[in-house]
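Below is one structure; the comments refer to it alone.
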Amino acid sequence: MMKNLTRIATPLFAVALMSGATFFAHAQANQAPTTESRSWNTPPPGTEQAQSAYRDGVEAAQLDMTAKRKIDAKSSHLYVHPPVKGAAREEYRSNFTAGYEAAVKHNSGV
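Numbered per mature numbering (1 follows the signal peptide of the UniProt record, and there is no 0), the sequence shown spans residues -27 to -1, 1 to 83.
Right under this line is the structure:
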């Protein structure tokens, strides 16, 4: 009798736990982003190009740390050769550096 109860109760318990986590994650996703709830790797509001540069900076820093390369945004290939032209280059570099520094700061535990 107890064996049969365990066979039925265990899957039901697992489903209940998983559905609760989904509901909780959905509720968190619907919150308006604030400075406190915005993750360190989420780009600040701005143009799509600025957000892309920030994400590129985060990714470059993570790759540099993983490969044990010099930690310096200005030595990164995407900083030296930004994938944009003209006046947008400085904006890209600025947002790239912000993302890079955010990743380094997060990884150092500061």
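Just so you know, even glycine gets a beta-carbon here, dropped at the ideal spot from N, CA and C.
Start-to-end residues for the alpha helix (DSSP H) that takes in residue i
{"i": "ARG42", "result": "Where ARG42 is concerned, there is no enclosing alpha helix (DSSP H), given that its DSSP letter is neither H nor E."}
{"i": "SER67", "result": "61 to 81"}
{"i": "HIS50", "result": "50 to 53"}
Anticipated Cβ contact below 8 Å, residue i with residue j, distance rounded
{"i": "PRO73", "j": "ALA33", "result": "Before going on, a small fix: residue 73 reads as Tyr here, not Pro. Right, their Cβ atoms sit about 6 Å apart."}
{"i": "ASP37", "j": "LEU51", "result": "Not a contact, Cβ separation roughly 11 Å."}
{"i": "ASN80", "j": "ALA26", "result": "That pair is no contact at about 19 Å."}
query = Can you find at least 3 beta carbon pairs, one from the region 62 to 78 and one from the region 35 to 50, that sit closer than 8 Å?
reply = yes
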